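Encoded as structure tokens, the structure appears first; notes follow it.
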Amino acid sequence: MSALGLLFRGFRRWETLCHPALSRSLRGEPPETAKTLEQKLKELNTFDPEVEARVDIGFAKLQTQNNRKERLKVWKSNRNSFALAEESRRGALKISYEEVRKEWRKSLAPDALREIADHYGIFKDLFKYGFFNPVLPLDIYYDSDSKHFTPVHYGNIIFPTEATKMPQVHFESEPETLWTLVLTSLDAHLVDPEMEYLHWFVGNIKGGDVENADVLCSYMQPFHPRGTGYHRYVFVLYRQDGHLDYSDVRLPANCTNLKQRTFKTHDFYKKYEDKITPAGLAFFQSVWEDNLMDFFHETLKMRVPVFEYAHPPEYIPPQVKYPHKEPFNLYLDKYRDPRDIRQEVYLKRLKTLHPFEEEKPMPKYPNIYRIPKGTPSWLVDEMRKERFRIGKYRDLQPYTLYPVPEYEDPHEKALREQEEFKRKWEQKRAASVKSSRGNPA
Numbered sequence: 028m029s030a031l032g033l034l035f036r037g038f039r040r041w042e043t044l045c046h047p048a049l050s051r052s053l054r055g056e057p058p059e060t061a062k063t064l065e066q067k068l069k070e071l072n073t074f075d076p077e078v079e080a081r082v083d084i085g086f087a088k089l090q091t092q093n094n095r096k097e098r099l100k101v102w103k104s105n106r107n108s109f110a111l112a113e114e115s116r117r118g119a120l121k122i123s124y125e126e127v128r129k130e131w132r133k134s135l136a137p138d139a140l141r142e143i144a145d146h147y148g149i150f151k152d153l154f155k156y157g158f159f160n161p162v163l164p165l166d167i168y169y170d171s172d173s174k175h176f177t178p179v180h181y182g183n184i185i186f187p188t189e190a191t192k193m194p195q196v197h198f199e200s201e202p203e204t205l206w207t208l209v210l211t212s213l214d215a216h217l218v219d220p221e222m223e224y225l226h227w228f229v230g231n232i233k234g235g236d237v238e239n240a241d242v243l244c245s246y247m248q249p250f251h252p253r254g255t256g257y258h259r260y261v262f263v264l265y266r267q268d269g270h271l272d273y274s275d276v277r278l279p280a281n282c283t284n285l286k287q288r289t290f291k292t293h294d295f296y297k298k299y300e301d302k303i304t305p306a307g308l309a310f311f312q313s314v315w316e317d318n319l320m321d322f323f324h325e326t327l328k329m330r331v332p333v334f335e336y337a338h339p340p341e342y343i344p345p346q347v348k349y350p351h352k353e354p355f356n357l358y359l360d361k362y363r364d365p366r367d368i369r370q371e372v373y374l375k376r377l378k379t380l381h382p383f384e385e386e387k388p389m390p391k392y393p394n395i396y397r398i399p400k401g402t403p404s405w406l407v408d409e410m411r412k413e414r415f416r417i418g419k420y421r422d423l424q425p426y427t428l429y430p431v432p433e434y435e436d437p438h439e440k441a442l443r444e445q446e447e448f449k450r451k452w453e454q455k456r457a458a459s460v461k462s463s464r465g466n467p468a
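Under this note's numbering, the first residue of the sequence shown carries the number 28, and numbering increases by one thereafter.
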């Protein structure tokens with residue numbers, strides 16, 4: 028090869044440089060002509076203003092122009108007040124929280140609550156394209172005992188044990204006005220994710236007297252499957268134009284049939300949209316608690332639905348005699364039958380159970396107990412996993428996701444595929460040897 032050829036040996040051809048898509052370092056269109064991430068997301072999330080336009084289905088907000096002028100007037104007078112300045116300097120200025128909250132509810136609360144509800148996706152899951160301004164404040168409390176209570180705000184976390192009893196609901200209303208209060212769960216349906224469960228339905232509430240109203244669906248505490256995170260529970264207060272017959276919504280007293288409690292707020296409002304108008308809103312979030320096991324078993328008469336992430340099957344290479352940098356206990360467990368490992372864990376759990384006593388709960392701080400000095404490091408890791416009931420010791424928990432008949436254990440699947448591959452390879456090799464013997468050259 029000539030010297031000029033050696034010089035240009037490492038350069039690419041001119042045709043390749045003119046077509047960057049054919050080069051090795053670039054795929055697709057060049058950055059100068061390619062679409063940006065914002066443009067691609069805009070095409071994917073196209074918005075049709077005529078079809079997806081939001082509709083205000085509630086009452087109009089109070090005009091804040093006059094309130095703004097009044098607040099400005101009060102602010103100027105307070106600014107020029109030497110008495111307030113002196114009290115503030117000495118730390119003696121006291122502001123009434125109740126008065127501030129009352130004023131906030133009248134002026135800025137509807138806009139703030141609507142933004143919070145939009146943030147949590149409340150209106151989208153309740154009414155699809157409809158929304159409303161919560162112009163009527165709701166005061167909802169769960170009584171824990173005679174001295175303590177848990178309020179429902181706008182997205183605060185309330186555990187199921189704190190909401191086992193029917194809450195107290197208060198709101199200001201004219202004596203002859205009729206209302207409807209509905210409590211639904213947006214994320215807890217076990218069959219159809221688009222549907223809801225009806226937890227409480229009270230209709231024809233006269234003048235805010237919820238206790239003496241018509242209870243069409245008795246109260247049921249929050250419940251949800253284990254391992255599904257936080258769930259939203261929403262109170263919606265509707266104003267009625269007159270007395271309504273909710274016979275299609277009425278359920279038997281203390282109904283525990285989840286199929287009968289299946290509900291859809293959008294369909295309900297679509298049916299009664301000419302007779303009811305949403306005015307108040309409050310919601311909270313709830314998460315799994317171990318006490319829900321008793322509710323599922325004793326009240327709903329069903330097993331606890333458990334959701335856990337099923338990891339993809341792990342590739343297990345052929346076993347070698349001297350593995351390099353592999354913990355011997357973890358390496359050997361890879362090639363054991365998973366059923367044998369589970370059997371060992373089950374036997375450990377059965378040794379701790381008593382036929383006539385309740386199972387002892389897991390300690391709050393399981394790793395607080397001292398490990399004997401001189402214990403090997405691999406055994407220390409095993410003891411910690413067993414104490415926290417993780418890894419192969421997760422079957423020590425009283426609730427675990429057991430494989431269904433259609434589900435195959437990843438390790439068992441990997442071993443089965445490995446054995447099938449070896450068997451097919453041996454059959455193919457034997458066939459090739461047989462054919463070579465039958466057709467000698």
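For every residue, glycine included, the Cβ atom is placed at its ideal position computed from N, Cα and C. The structure displayed is predicted, hence computed values, not measured ones.
Please report the straight-line C-alpha distance between residue i and residue j, rounded to a whole angstrom.
| i | j | result |
| --- | --- | --- |
| Tyr358 | Glu413 | 18 Å |
| Leu165 | Thr211 | 16 Å |
| Gly418 | Val331 | 21 Å |
| Glu201 | Tyr260 | 27 Å |
| Arg141 | Pro57 | 44 Å |
| Ala139 | Leu308 | 12 Å |
| Tyr336 | Leu442 | 21 Å |
| Glu189 | Ser171 | 6 Å |
| Arg54 | Leu71 | 22 Å |
| Asp364 | His293 | 51 Å |
| Ala136 | Glu130 | 9 Å |
| Pro354 | Gln346 | 14 Å |
| Lys291 | Thr255 | 21 Å |
| Pro403 | Asp321 | 41 Å |
| Phe228 | Asp275 | 12 Å |
| Asn356 | Gly401 | 18 Å |
| Ser462 | Arg456 | 10 Å |
| Gly269 | Lys302 | 7 Å |
| Pro220 | Phe150 | 16 Å |
| Pro194 | Ala280 | 17 Å |
| Lys103 | Arg128 | 21 Å |
| Asn107 | Phe159 | 39 Å |
Using CA coordinates, which residue listed in the options is at the minimum distance from residue i?
| i | options | result |
| --- | --- | --- |
| Glu341 | Val162, Trp315 and Glu444 | Glu444 |
| Phe323 | Leu285, Tyr299 and Lys302 | Leu285 |
| Leu205 | Val237, Ala190 and Glu189 | Val237 |
| Lys192 | Phe176, Ala136, Ser123 and Ile395 | Phe176 |
| Leu264 | Gly85, Pro390, Gly157 and Phe186 | Gly85 |
| Tyr362 | Lys440, Pro403 and Pro305 | Lys440 |
| Asp145 | Lys133, Glu453 and Pro161 | Pro161 |
| Glu316 | Gly269, Pro187, Met389 and Lys67 | Pro187 |
| Lys96 | Arg369, His338, Ile395 and Ser134 | Ser134 |
Sorted by chain position, which residues of the same chain lie with C-beta nearer than 7 Å to residue i's C-beta, five sequence neighbours on each side aside?
| i | result |
| --- | --- |
| Thr63 | none |
| Met410 | Ile398 |
| Asp152 | Leu213 |
| Val372 | Lys419, Tyr420, Asp422 and Leu423 |
| Pro393 | Arg414 and Phe415 |
| Met389 | Arg416 |
Sorted by chain position, which residues of the same chain lie with C-beta nearer than 8 Å to residue i's C-beta, five sequence neighbours on each side aside?
| i | result |
| --- | --- |
| His258 | Ser212, Leu213, Asp214, Ala215, Pro249, His251, Gln312, Ser313 and Val314 |
| Arg288 | Tyr224, Leu225, His226, Cys244, Met247, Leu278 and Cys282 |
| Val407 | Ile398 |
| Leu217 | Pro252, Leu285 and Pro332 |
| Pro350 | Tyr358 |
Is the beta carbon of residue i less than 8 Å from the beta carbon of residue j?
| i | j | result |
| --- | --- | --- |
| Phe262 | Ile167 | yes |
| Leu271 | Tyr299 | yes |
| Val333 | Arg416 | no |
| Gly235 | Phe295 | no |
| Ile232 | Gly182 | no |
| Val484 | Gly157 | No information on residue 484 is available, as it lies outside the stretch 28 to 468 that the chain covers here. |
| Leu423 | Lys391 | no |
| Leu120 | Glu126 | no |
| Ala61 | Leu163 | no |
| Thr304 | Arg266 | yes |
For residue i, collect the residues of the same chain with a Cβ closer than 6 Å to its Cβ; drop the 5 residues on either side in sequence, then sort them by chain order.
| i | result |
| --- | --- |
| Pro178 | Tyr168 |
| Met329 | Phe323 |
Unbroken stretches of the alpha helix (DSSP H), 4 residues or longer, contained in the region 88 to 125: 92 to 106 and 109 to 117
Quick check on the DSSP output: what are the complete beta strand (DSSP E) runs of length 3 or more inside the region 239 to 327, in order along the chain? Note on the region 239 to 327: whole beta strand (DSSP E) runs with a minimum of 3 residues are 241 to 244, 258 to 267 and 303 to 313, in chain order.
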